[in-house]
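Numbering (the numbering used here) for the sequence shown: 47 to 920. I have placed the structure first, in the form of structure tokens, so that the comments after it can refer back to it.
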Amino acid sequence: MLKKFDKKDEESGGSSNPFQSLEKSAVLQEARLFNETPINPRKCAHILTKILYLINQGEHMGATEATEAFFAMTKLFQSNDPTLRRMCYLTIKEMSSISEDVIIVTSSLTKDMTGKDDGYRGPAVRALCKITDSTMLQAIERYMKQAIVDKVSSVSSSALVSSLHLLKTSFDVVKRWVNEAQEAASSDNIMVQYHALGLLYHVRKNDRLSVNKMLSKFMRHGLKSPFAYCMMIRVASKLLDEEDGSRDSPLFDFIEGCLRNKHEMVVYEAASAIVNLPSCTAKELAPAVSVLQLFCSSPKAALRYAAVRTLNKVAMKHPSAVTACNLDLENLVTDSNRSIATLAITTLLKTGSESSIDRLMKQISSFMSEISDEFKVVVVQAINALCHKYPRKHSIMMNFLFTMLREEGGFDYKRAIVDCIISIIEENPESKETGLSHLCEFIEDCEFTVLATRILHLLGQEGPRTNNPSKYIRFIYNRVVLENEEVRAGAVSALAKFGAQNEDMLPSIMVLLRRCVMDDDNEVRDRATFYLNILEQRQKALNSTYILNGLTVSVPGLERALQQYTLEPSEKPFDLKSVPLATAPIAEQRADNVPTATVRQPEKVISSRQEIFQEQLAAIPEFKELGPLFKSSAEPVALTESETEYVIRCTKHTFVNHMVFQFDCTNTLNDQILENVTVQMEPTEGYEVICCVPAKALSYNQPGICYTLVSIPQEDPNALACTFSCLLKFTVKDCDPNTGESDEEGYEDEYVLEDIEVTVADHIQKILKPNFGAAWDEVGDEFDKEETFNLSTIKTLEEAVGNVVKFLGMQPCERSDKVPENKNAHSLYLAGVFRGGHDILVRAKLVLTDTVTMQVTARSKDEFPVDVIMASVG
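Below, the structure written as structure tokens:
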């Protein structure tokens with residue numbers, strides 16, 4: 047079957063795939079050779095190889111032609127050639143799902159399975175189990191039980207692995223073979239023991255107590271197979287994970303004990319399991335780290351790689367635990383295996399001191415060109431983490447990253463570097479101009495559209511605020527001249543942002559935009575025309591709304607609203623406030639500088655969570671006139687414990703003048719049916735309950751929904767924060783747990799629920815203002831209020847900022863929620879939309895002395911939202 051090639055053949059390409067030009071029809075024609083007498087084993091095996099190749103290459107084979115080939119192949123069982131017989135077994139398994147009546151070979155396979163030739167028995171078991179369905183399995187059950195405990199290890203392993211596959215379709219039958227599997231688990235053969243343990247676990251995995259008993263038994267008696275030990279470690283760590291990783295458990299002691307096993311495989315598996323356990327302390331990690339440290343000096347490359355890769359993972363959460371290994375890791379930096387050297391470097395970057403950075407950077411430079419892009423990305427990610435840890439070293443990092451950026455590399459590698467540079471720029475304002483200059487040079491030769499548009503977006507956002515913004519214009523306009531339409535469109539948007547923020551540059555920018563009006567692409571022309579018209583007005587409010595900050599509405603929501611408006615003609619103009627706002631993921635996407643131009647909308651617009659709620663609520667007659675849904679709470683609030691007889695969760699939906707409380711109810715009692723289920727709510731402030739929409743019936747474990755509608759107080763800004771006491775009311779009907787039949791008569795009952803709080807955050811939706819200063823000027827100071835507060839219970843600026851952001855439920859702008867280290871003063875910028883579509887902006891100046899003092903200024907085009915903010919903070 048194998049053809050030998052000499053050196054000349056190899057040089058002339060003789061080692062290419064001999065099957066690459068196969069045609070299905072020709073191969074099936076050749077299969078007629080199976081009917082010849084006497085059988086030619088060598089030719090027939092070669093034809094079977096071709097059939098297997100075609101199937102594995104995804105060649106479609108119809109049921110009729112597959113069945114014909116299969117029936118012809120069954121005649122090959124007359125030959126006793128071992129190679130041909132093995133090929134028959136393989137073909138049977140591959141064609142079992144294609145051809146019909148494969149069951150015809152059952153008798154031949156059963157004969158081989160129970161025969162005297164051990165070489166046939168194992169493969170015959172695997173082939174027989176592949177073609178046997180659940181109805182036929184009982185006919186071979188006796189043979190399978192015998193095969194599981196067979197003295198020949200290959201037969202026993204084949205039976206155990208086949209049983210494992212049969213579990214998916216015939217669990218109840220295979221479960222009866224547990225005694226035989228337990229007997230096989232005491233085998234002297236390491237693979238039989240491993241496969242037996244696997245079968246026993248998968249039979250019992252849904253019964254936690256049974257799995258624990260099985261582990262306890264094997265932990266007491268011990269095992270010979272290192273593979274079985276590895277599996278036990280994985281099962282034990284899974285159980286520990288479900289128990290929230292209790293370290294007092296005998297399971298943890300077992301895993302820790304495996305660190306002293308004589309097999310390196312088991313030792314590594316145990317160390318890896320301990321490292322991956324959640325909430326492990328540095329002390330609990332110490333034994334595993336010590337073992338991995340020993341592996342770092344192993345002569346086996348695989349062990350060194352495994353050790354340094356795992357230590358790299360530990361360094362992400364517990365860098366101090368890995369510090370003891372730094373000397374061993376430094377020795378691996380010069381390892382001949384570049385994968386090991388890369389991981390050693392990145393681990394050192396996570397655990398090393400600030401003084402060692404320069405030396406590590408030089409070591410990285412020496413071999414960066416020799417490693418693959420995948421490992422280069424790992425290095426860049428490590429550098430990114432190091433920049434956050436030691437911000438004073440950003441200049442060294444930036445120069446190194448720029449050197450890497452100029453070298454050859456794929457998209458993922460270049461994107462990782464760009465992400466890292468942008469992250470440094472955002473974290474360290476003093477590095478902004480250097481970073482932007484590096485990125486400007488990169489886009490001169492950038493072949494990736496997504497990266498070019500992203501950098502242009504960043505230049506438009508950050509460039510106008512630098513000391514010398516005009517130096518970036520050349521790089522941006524070059525993109526208009528030299529690049530494809532997507533990049534040109536991004537460049538036009540960036541130019542407009544410079545013109546909107548720099549009066550001196552505006553005439554030059556308008557000249558460039560007028561040139562862009564002549565572009566070949568519609569998108570570029572439309573953008574240039576639009577921005578020109580806005581800039582010609584020379585109004586800061588227009589610049590902010592249409593160029594610097596843009597629309598904050600959901601694009602799919604806007605599309606749906608416009609479509610609905612055209613279907614129902616109205617004399618009223620289209621109201622943009624009726625469109626849902628952009629949800630958090632879109633806001634975050636913009637915050638990460640992803641330009642809108644590069645985001646291709648899918649053909650089918652996917653509904654957001656809020657739009658789904660909007661449709662559900664609009665279908666209820668009582669809520670039809672409430673108008674557009676303004677906001678839904680992010681996560682349902684549990685009003686009962688999860689173990690109680692009734693499980694109730696509440697989602698708050700805010701409209702312009704009303705709130706709807708949605709209660710998702712589950713009845714966990716199988717002997718009761720609840721009918722006419724409502725939640726009675728009592729407010730502490732000026733809210734008024736209008737109506738309740740009941741859930742008609744709650745059967746056992748069948749979820750149902752009821753609603754309560756309340757009106758929001760319109761005049762008093764102090765009344766928006768409110769607490770509701772809640773009482774679940776329903777009619778109980780007893781029922782038979784087995785049949786589900788209920789009594790005709792029921793009785794009234796009630797159940798006290800947890801209170802629900804409504805806060806100011808329920809009335810405000812987050813929006814992002816990329817240019818907060820422009821938005822602040824746009825809103826104006828007509829309704830502008832300022833007050834100073836002393837936050838006596840708060841001791842740090844970070845805590846104060848976090849509490850204010852969470853309490854107001856607004857979006858931090860310009861990364862102002864990140865407080866620089868060792869600073870005693872900080873400014874926080876927040877943006878949001880108040881219920882009804884009113885933009886609200888908050889600027890909070892915080893100063894740390896013994897406590898935190900906060901000066902809050904709020905602005906809006908309407909007075910009520912400003913009063914609400916001041917009342918809530920006060």
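In this text, a Cβ means the ideal position worked out from N, Cα and C, and glycines have one as well. Quick caveat, the model's predicted, so the values are computed rather than measured.
Distance, CYS90 Cα to ALA72 Cα: Their backbone Cα atoms lie some 14 angstroms apart in a straight line.
Complete alpha helix (DSSP H) runs within the region 247-333 (minimum length 4 residues, chain order): Runs of the alpha helix (DSSP H) inside the region 247-333: 254-267, 272-288, 296-303, 310-322.
Alpha-carbon spacing of PRO515 relative to ALA546, whole angstroms: Approximately 12 angstroms, taken between the alpha carbons.
Segment limits, alpha helix (DSSP H) that includes PHE576: The continuous alpha helix (DSSP H) containing PHE576 extends over residues 568-583.
Helix, strand or coil at LYS812 [DSSP, three-state]: Looking at LYS812 - three-state DSSP - the assignment turns out to be strand.
ARG78 versus ILE751, VAL224, LEU122, ALA193, residue with shortest Cα-Cα distance: The option with the nearest alpha carbon to ARG78 is LEU122.
Cut-off 7 angstroms between Cβ atoms - residues of its own chain near LEU210, not counting five sequence neighbours on either side: These residues qualify, in order along the chain: GLY244, LEU245, HIS248.
Residues bridged to LYS906 (per DSSP): Before going on, a small fix: residue 906 reads as Ser here, not Lys. As DSSP reads the structure, SER906 sits in a beta bridge with PHE829, ILE886.
Completely contained alpha helix (DSSP H) runs for the region 81-117, where each covers 4 or more residues: You should have 87-102.
Helix, strand or coil at ILE736 [DSSP, three-state]: Secondary structure of ILE736 (DSSP, three-state): strand.
Close Cβ partners of THR393 (< 7 angstroms) along its chain, the five nearest in sequence each way excluded: Contacts found: VAL354, LEU357, ASN358, ALA361, VAL368, LEU375.
ASP3 burial status per 10 Å Cβ neighbour count (16 or more: buried): The displayed coordinates of the chain run from 47 to 920. Any statement about residue 3 would go beyond what the structure contains.
Opposing strand residues paired with GLY161 [DSSP bridges]: Bridge partners of GLY161: none, in fact.
Residues bridged to GLU681 (per DSSP): Paired residues: none, contrary to the question.
Three-pair Cβ contact test at 8 angstroms for the region 398-418 versus the region 429-441: Output reads yes: the region 429-441 touches the region 398-418.
Cβ neighbours of MET257 in the same chain (closer than 8 angstroms, five flanking residues each side left out): Reading off the sequence, residue 257 comes out as Val, not Met. Non-local C-beta neighbours of VAL257 in its own chain, meaning closer than 8 angstroms and more than five positions away in sequence, comprise TYR247, ARG250, LYS251, VAL281, LEU285, ordered along the chain.
Beta bridge counterpart(s) of TYR875 as assigned by DSSP: Looking at the DSSP assignment, TYR875 forms a beta bridge with ARG889.
Validate contact between the region 875-891 and the region 905-917 using beta carbons, cut 8 angstroms, 3 pairs: In the pairwise beta carbon analysis, the region 875-891 is classified as touching the region 905-917: at least three pairs are separated by under 8 angstroms.
As assigned by DSSP and simplified to three states, the class of LYS197: Here LYS197 sits in coil by DSSP.
VAL651 to ALA348 span [Cα, whole Å]: Caution is warranted here: a pLDDT of 44 is assigned to VAL651, below 50, making its placement in the model unreliable, and no coordinate value can be reported.
C-alpha distance - THR895 paired with ASN870, whole-angstrom precision: Roughly 7 angstroms between the two C-alpha positions.
Range covered by the alpha helix (DSSP H) that runs through SER71: Its alpha helix (DSSP H) spans residues 70-76.
Contact under 8 angstroms by Cβ, PHE298 with MET278: Contact flag unset, no.
Status (buried if at least 16 other CB within 10 Å, exposed otherwise) for ALA877: Counting Cβ neighbours within 10 Å, ALA877 comes out buried, since at least 16 surround it.
Through-space distance from GLN239 to TYR189, alpha-carbon basis: Take the alpha-carbon of TYR189 and the one of GLN239: they are about 20 angstroms apart.
Beta-carbon spacing of ALA741, SER590 below 8 angstroms: Contact check for ALA741 against SER590 fails: the beta carbons are separated by 8 angstroms or more.
Per DSSP, cross-strand counterpart(s) of ASP795: PHE776.
Own chain partners of GLY481 with C-beta closer than 7 angstroms, once the 5 adjacent residues on each side are dropped: Excluding residues within five positions, the ones whose Cβ falls inside 7 angstroms are MET444, ILE467, ILE470, ILE471.
CB-CB length for ALA498 against ARG525, believed under 8 angstroms: Yes, they are in contact, since the Cβ atoms of ALA498 and ARG525 sit about 7 angstroms apart, within 8 angstroms.
Closest residue to GLY596 among GLU824, SER838, TYR275, CYS433 (Cα-Cα distance): The shortest C-alpha separation from GLY596 is found at GLU824.
Buried versus exposed call for SER873 [16 or more other C-beta atoms within 10 Å across all chains shown]: Exposed.
Alpha carbon of LEU744 to alpha carbon of LEU715, nearest angstrom: Going from the Cα of LEU744 to the Cα of LEU715 covers about 10 angstroms.
Contact check, THR754 vs VAL735, beta carbons under 8 angstroms: Their beta carbons are under 8 angstroms apart, which means THR754 touches VAL735 by this criterion.
Contact belief for ARG167 with VAL198 at Cβ below 8 angstroms, rounded distance in angstroms: In this structure, ARG167 and VAL198 form a Cβ contact; the two beta carbons are roughly 7 angstroms apart against a cut-off of 8 angstroms.
Spatial distance of MET900 from VAL893 (CA atoms): Each residue's CA atom was taken as its position, placing MET900 and VAL893 some 7 angstroms apart.
CA-to-CA distance, VAL171 to GLN228, given in whole angstroms: Straight-line spacing of the CA atoms in GLN228 and VAL171 works out to 19 angstroms.
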